[in-house]
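In our numbering, the protein residues as written are 279 to 779.
No residue lacks a Cβ here, since even glycine has one placed at the ideal position from N, Cα and C.
What follows is a single structure, written as structure tokens, with notes after it.
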């Protein structure tokens with residue numbers, strides 16, 4: 279249990295800090311469209327369209343499309359507008375078609391509309407911006423870079439870090455080609471900081487760390503120091519397995535940019551990874567001083583206190599979080615753990631039972647609550663709690679019965695475990711999980727005949743149940759001379775689940 283909790287705490291700490299990426303997050307490419315990621319907008323509000331020289335039939339189709347969109351028929355409206363855009367080559371129709379294609383997530387239409395738009399308006403940066411995004415999404419990075427460059431040439435704004443955010447799976451050779459193209463662009467557009475930033479990121483992805491740090495220094499000379507560049511430098515150093523230098527960089531960074539939350543959280547996260555918990559806690563406490571209602575930071579402090587076994591301080595933070603309705607289930611679980619460690623089992627049970635159903639720690643919490651109730655000889659109360667909690671759901675009731683029977687056996691209540699399982703099997707005849715739980719009871723009593731009977735019943739119902747095959751095979755090999763039969767059963771189990779020891 280202790281090892282499980284330790285892993286859980288560290289995982290929770292890093293997750294709680296994960297809102298801060300060490301790499302600067304890519305800036306979303308802004309196009310005068312509605313992104314499909316924003317979800318469908320129903321209805322799509324029609325913008326003012328100055329209809330050009332259309333036929334009566336084309337005008338009718340446009341009006342019908344708008345009316346259909348207002349009724350939520352977005353895909354039909356988008357298809358109609360796409361056809362009209364191709365037929366009329368009218369810019370207003372093209373822009374409207376782009377809006378619909380963005381909402382419905384029609385990437386093929388967006389690509390074709392972008393090409394059509396750029397053909398009609400070659401000096402407009404917007405279609406190239408649209409095409410940049412589409413080629414990035416399709417991993418056609420050479421063409422994406424071409425259109426990104428065109429946006430800059432036409433006076434538009436382009437964040438080239440969007441390129442680096444999508445190239446981490448490229449082969450080194452393909453990435454090297456992009457690196458050379460970016461190097462050329464840094465000469466042509468020296469004032470464009472995002473080009474050099476993308477170059478740094480691609481060099482780091484290609485494990486050319488020294489070159490990446492060199493370009494990063496040039497970028498700092500161009501744009502000045504910033505929290506995001508500090509984080510990027512630290513990440514590169516981490517990739518070079520130089521955590522000490524990365525910590526020094528971040529330590530200087532938080533002194534220079536003392537009120538930058540993401541930078542300080544990134545520093546705290548690296549401190550946690552290096553098990554420097556006290557200093558990590560200090561970083562979170564600084565954030566709390568600036569924003570006392572930053573509950574995620576409060577949660578991180580509580581987890582650090584828990585890891586350092588500062589139970590009183592951790593409990594205070596978890597109780598505060600419960601009181602304000604933040605991280606409630608996690609806090610109840612860890613409060614249960616704290617009182618468990620302090621051997622205050624009644625309070626541990628109280629908090630474990632308040633972990634919500636369906637949450638990550640729900641089953642572990644109920645198991646611990648049941649364990650301590652049984653240890654306190656509150657058998658009836660423990661059973662009734664689990665049955666009430668199952669709410670008449672057969673699968674959950676069966677699962678709780680298996681947990682309860684196992685805990686009863688562990689705590690010396692074998693007769694009660696047998697009675698529980700017999701009653702459950704009377705209600706759910708031949709339920710394999712209950713049968714296997716009874717096998718464990720028979721094993722504890724060295725009742726081989728009972729174990730074998732239930733295992734064979736499971737195998738009759740589920741011939742591919744590798745757990746039952748394996749258990750029966752090893753039991754026969756260990757307790758009888760029926761070695762050939764045992765070997766056959768074990769081989770069947772291995773054939774079904776070769777990776778299951």
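Buried or exposed, going by whether 16 or more other CB atoms sit within 10 Å of the CB of residue 526? exposed
Report all residues from its chain with a CB closer than 6 Å to the CB of residue 679; omit the five preceding and five following residues, and keep chain order. 702
Applying the criterion that 16 or more other CB atoms from any shown protein chain within 10 Å of the CB defines a buried residue, is residue 739 buried or exposed? exposed
Of all the alpha helix (DSSP H) runs that stay within the bounds of the segment 353-390, which reach a length of 4 or more residues? 369-382
Which one of 754, 353, 604, 629 has the shortest CA to CA distance from residue 380? 353
Given this structure, state the Cα-to-Cα distance separating residue 449 from residue 717, to the nearest angstrom. Roughly 53 Å separates the two Cα atoms.
Are the segment 372-388 and the segment 421-430 in contact at 8 Å, needing three or more beta carbon pairs? no
Between the C-alpha atoms of residue 705 and residue 618, what's the straight-line distance to the nearest angstrom? Using only the alpha carbons, I get a separation of about 34 Å.
Is the distance from the Cβ of residue 442 to the Cβ of residue 417 below 8 Å? no
Where residue 519 falls: helix, strand or coil (DSSP): coil
Would residue 315 be called buried (16 or more neighbouring beta carbons within 10 Å of its own) or exposed? With a pLDDT of only 39 at residue 315, under 50, the local geometry of the prediction cannot be trusted, and no value is derived from it.
Please report how far the alpha carbon of residue 664 lies from the alpha carbon of residue 675, in whole angstroms. 8 Å
Does the contact criterion of 3 or more C-beta pairs under 8 Å hold for the segment 715-730 versus the segment 680-698? yes
Taking the alpha helix (DSSP H) that residue 620 falls in, what are its first and last residues? No alpha helix (DSSP H) contains residue 620, which DSSP labels as neither H nor E.
Would you check if the distance between the CB atom of residue 747 and the CB atom of residue 765 is smaller than 8 Å? no
Can residue 563 and residue 537 be called in contact, C-beta distance under 8 Å? Contact: no.
List the endpoints of the continuous alpha helix (DSSP H) containing residue 681. 672-688
Could you tell me which of 745, 589, 479, 623 sits nearest to residue 609, measuring between CA atoms? The shortest Cα separation from residue 609 among 745, 589, 479, 623 belongs to 589.
Please state whether the Cβ-Cβ distance between residue 573 and residue 599 is less than 8 Å. Yes, the pair counts as a contact, with Cβ atoms nearer than the cut-off.
Which whole-angstrom value describes the C-beta separation of residue 685 and residue 631, a residue pair presumed to lie in contact below a C-beta threshold of 8 Å? With 8 Å as the limit, residue 685 and residue 631 do not qualify as a contact, their Cβ atoms being about 15 Å apart.
Unbroken alpha helix (DSSP H) run spanning residue 464, endpoints: 450-466
What whole-angstrom Cβ distance do residue 430 and residue 470 have, given they're in contact under 8 Å? 6 Å
Along the chain, where does the alpha helix (DSSP H) that runs through residue 267 open and close? Because the chain in this structure spans residues 279 to 779, residue 267 falls outside the shown range and cannot be described.
One question on the structure: do residue 614 and residue 626 come within less than 8 Å of each other, judged by their Cβ atoms? yes
Going residue by residue through the segment 468-527, where are the continuous alpha helix (DSSP H) segments of at least 4 residues, counting only ones entirely within it? 471-483, 487-501, 505-517
Taking just the CA atoms, how far does residue 667 sit from residue 596? 24 Å
Just to confirm before moving on: does the CB-CB distance between residue 550 and residue 558 stay below 8 Å? yes
Would residue 480 and residue 460 qualify as a contact pair, given that the criterion is a beta-carbon distance under 8 Å? yes
What would DSSP say about residue 438, mapped onto helix, strand or coil? coil
Buried or exposed (CB count within 10 angstroms, at least 16 for buried), residue 583: buried
Classification of residue 651 by the beta-carbon crowding that lies within 10 angstroms, buried from 16 upward: buried
Between which residues of its own chain and residue 299 is the CB-CB distance below 7 Å, once the five residues before and five after are set aside? For residue 299, the pLDDT reaches just 38, beneath the cut-off of 50, and the residue's location in the model is therefore unreliable, although a value from the coordinates is still provided. Within the same chain, residue 299 has no close Cβ partners at all.
So what does DSSP say about residue 669, is it helix, strand or coil? coil
Give me the Cα-Cα distance between residue 257 and residue 372, rounded to the nearest whole angstrom. The requested residue 257 does not occur in the structure, where the chain is confined to residues 279 to 779.
Does DSSP classify residue 724 as helix, strand or coil? coil
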